[in-house]
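Undergrad: For the record, the sequence lines run as chains W and B. In short: position in the first sequence from 1, add 1055, done, that's the working numbering. In short: position in the second sequence from 1, add 14, done, that's the working numbering. For every residue, glycine included, the Cβ atom is placed at its ideal position computed from N, Cα and C. No experiment lies behind these values; they were computed from the predicted model shown.
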Amino acid sequence: EAQVTQNPRYLITVTGKKLTVTCSQNMNHEYMSWYRQDPGLGLRQIYYSMNVEVTDKGDVPEGYKVSRKEKRNFPLILESPSPNQTSLYFCASSAGGGPSTDTQYFGPGTRLTVL
Amino acid sequence: AQSVSQHNHHVILSEAASLELGCNYSYGGTVNLFWYVQYPGQHLQLLLKYFSGDPLVKGIKGFEAEFIKSKFSFNLRKPSVQWSDTAEYFCAVTPNRDDKIIFGKGTRLHILP
């Protein structure tokens, strides 16, 4: 089954404790992206990647890192999480040229709480 | 700055009512336009998209949207809503057919049975 998976689905952590949220897709998509969803703010793009070893900042990249060493995986790294990073995070992937040319497929979301 | 505005944050309708959700974007160049839906507890799914051609786009579940370039709008419509349409709806734009995508803040739709 074609899908985007994220782990963990729920995470409660404390300020400053490094964490990684994994994202994996099995559709051989070139484009992958991370979003955060906050009430009243909709979805905001954090980082995206057009292909392996190619990453770019979205609208809200501060406090986050990403890497794209393999086509299928696109982990989101919070080196020193802070309470304002408490949010619902979505990973997405699409083929070819990304969202401008192809449909994005979203993962189930990761709800992160930073105390 | 490029932005997407969804006029209604929360809409409540009765079943069988007609629906129109507004979406305007602030970019003068070529754009691709999308409507995504998020059902309660689920991830986002594509409802419909416009890349080029006929400005009236039909999507899944009886939804359609009309691109009006002169008004920078891409409103979502459905002639008769169902209780199962209760969800949050997001309009999105890729300015200049860019790699980045900008989402609106969402409209929460609640259908009364």
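1) For Gly1071 (chain W), which option in W:His1084, W:Gly1151 and W:Asn1139 has the closest C-alpha, if you only look at C-alpha atoms?
2) So who's on the other strand from Gly1097 (chain W), going by DSSP bridges?
3) If I follow the unbroken beta strand (DSSP E) through Ile1132 (chain W), where does it start and stop?
4) Does at least one heavy atom of the ligand FMN sit under 8 Å from the Cβ of Phe117 (chain B)?
5) Could you tell me how far apart the beta carbons of Val1059 (chain W) and Ser1148 (chain W) are, in whole angstroms, since I believe they sit closer than 8 Å?
6) Beta-carbon within less than 8 Å of Thr1110 (chain W)'s beta-carbon, same chain only, minus the 5 sequence neighbours each way: which residues are those?
7) Using three-state DSSP, classify Gln52 (chain B) as helix, strand or coil.
8) Using a Cβ-Cβ distance cut-off of 9 Å, determine whether Thr1077 (chain W) contacts chain B.
9) Do Leu1066 (chain W) and Arg1127 (chain W) come within 9 Å of each other at the CB atom, strictly closer than that value?
10) Please determine if the segment 49-66 of chain B and the segment 1154-1164 of chain W are in contact, where contact requires at least 3 C-beta pairs separated by less than 8 Å.
11) Quick one, are the C-beta atoms of Val51 (chain B) and Phe104 (chain B) less than 9 Å apart?
12) Who are the Cβ neighbours of Glu1134 (chain W) in its own chain at under 6 Å, not counting the five residues just before and after it?
13) Output yes if chain B places a C-beta closer than 9 Å to the C-beta of Gln1140 (chain W); else output no.
14) Can you name the residues of chain D whose CB is closer than 9 Å to the CB of Met1105 (chain W)?
TA: In this structure, then:
1) W:Asn1139
2) W:Asp1093
3) Leu1131 to Leu1133
4) Summarising the ligand content, the structure contains no ligands, and the ligand FMN is consequently not present.
5) 6 Å
6) Tyr1102, Tyr1103, Ser1104, Val1121, Ser1122 and Arg1123
7) strand
8) no
9) no
10) yes
11) yes
12) Lys1073
13) no
14) In the structure shown, chain D cannot be found, because the protein chains are W and B.
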